[in-house]
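Numbering (the working numbering), first residue to last: 20 to 301. From the three backbone atoms N, C-alpha and C, an ideal C-beta is built for every residue, glycine too.
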Ligand SMILES: [Zn+2]
């Protein structure tokens with residue numbers, strides 16, 4: 020489930036002299052745990068988003084029961100100081116120890132907050148190729164994580180998803196209709212989960228959804244403000260913004276984000292995601 024045919028070669032070249040000589044190369048650095056899978060007896064396979072090397076995969080030997088080396092640090096979206104090693108001619112890294120820098124379990128937990136954290140993990144896992152350094156994405160995730168708190172999940176989730184689209188180069192230009200070029204400034208735009216760009220009303224594609232002018236302005240605010248200053252405000256239309264932001268990601272990733280559906284599909288309706296006055300402005 021791990022090996023891709025070209026990966027062995029890539030690891031060899033990327034590791035440079037050290038791996039060619041057959042030496043183990045040790046790394047210590049900041050990282051975010053994205054996902055773990057059971058792997059051979061008590062081992063765990065770990066997908067780790069490292070600041071230095073981007074996303075890497077490795078095996079945590081006895082990860083299921085080694086509290087000393089991994090205790091509590093294997094929850095998705097835990098920020099850790101990771102000690103790991105590349106091994107010659109091995110596809111998978113060797114995860115040696117994680118020390119918690121920030122844990123999602125350190126704050127209050129409810130299903131909505133966990134769904135938002137899972138969504139972030141899922142997006143990072145799907146969007147980032149292995150071994151590609153993405154410092155801006157790392158900083159985004161590190162900034163948003165502590166803002167995802169019980170009772171105010173919507174805006175941080177929107178912020179993360181919109182910025183991920185932007186950093187990946189997937190954010191459409193919202194100022195003009197992609198079909199006729201009409202200036203859409205100050206008015207609503209139409210977006211579709213199956214087509215690029217946004218349009219005017221006349222050119223809207225089948226299944227298009229309108230984003231009101233107020234929503235478009237909120238998206239612009241996300242791109243010029245810090246997540247901390249926005250997260251303290253009320254965001255009654257966060258669900259509408261999140262559908263747009265996740266729609267963009269899903270279109271480019273070619274798959275549904277399982278955890279996003281939980282943010283608007285699972286009863287009871289989330290208190291901060293549009294349950295209040297969701298039809299504000301247009
Ligand atoms: Zn148009």
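In the three-state reduction of the DSSP assignment, residue 244 falls in the coil class.
Distance from residue 131 to residue 172 at the Cβ level is roughly 5 Å; contact confirmed, criterion being Cβ atoms closer than 8 Å. Annotated three-state conformation of residue 165 is helix, per DSSP.
Ligand 1 never approaches residue 226 closely enough for any of its heavy atoms to be under 8 Å from the residue's Cβ. Contact between residue 100 and residue 177 is absent: CB atoms are separated by about 29 Å, not below the 8 Å threshold.
For residue 196, the Cβ falls inside the 8 Å cut-off from some heavy atom of ligand 1. For the options 245, 83, 143, the alpha carbon positioned closest to that of residue 61 is the one of 83. DSSP places residue 66 inside the beta strand (DSSP E), whose first and last residues are 62-69. Distances from the alpha-carbon of residue 183 to those of 275, 242, 226, 116 put 242 closest.
Between residue 44 and residue 160, the gap from beta carbon to beta carbon reaches 9 Å or more. Counting only residues of its own chain and dropping the five nearest sequence neighbours on each side, residue 77 has a CB closer than 8 Å to the CB of 64, 65, 67, 103, 111, 112, 113, 114.
Contact annotation: residue 58 and residue 88 have beta-carbon atoms that are not nearer than 9 Å.
Looking only at 204, 246, 201, the smallest Cα-Cα distance to residue 179 is reached by 246. Boundaries cannot be given for residue 94, as no alpha helix (DSSP H) includes it and DSSP labels it neither H nor E.
Relative to residue 210, the option among 120, 263, 279 whose CA is nearest is 263. For residue 271, the enclosing alpha helix (DSSP H) covers residues 257-272. When distances are taken from the beta-carbon of residue 143 to the heavy atoms of ligand 1, even the shortest one reaches 8 Å or more.
Nearest to residue 98 by alpha-carbon distance, out of 91, 90, 121, 85, is 121. Residue pairing of residue 229 in beta bridges, as defined by DSSP: 209. Here residue 266 is not near residue 229, since their CB atoms are 9 Å or more apart. Rounded to whole angstroms, the separation of the alpha carbons of residue 85 and residue 53 is 19 Å. Here residue 174 is near residue 252, since their CB atoms are less than 9 Å apart.
For residue 215, the distance from the CB to the nearest heavy atom of ligand 1 is not below 8 Å. The DSSP-derived three-state label of residue 130 is helix.
Within its own chain, the residues whose Cβ lies closer than 8 Å to the Cβ of residue 224, once the five positions on either side in sequence are excluded, are 209, 211, 213, 214, 218, listed in chain order. A distance of 9 Å or more separates the beta carbons of residue 167 and residue 127. Remark: C-beta atoms of residue 256 and residue 281 do not approach each other more closely than 9 Å. If you draw a straight line from the Cα of residue 165 to the Cα of residue 250, it is about 11 Å long. Rounded to whole angstroms, the gap between the alpha carbons of residue 140 and residue 198 is 34 Å. In the three-state reduction of the DSSP assignment, residue 237 falls in the helix class, which pools H, G and I.
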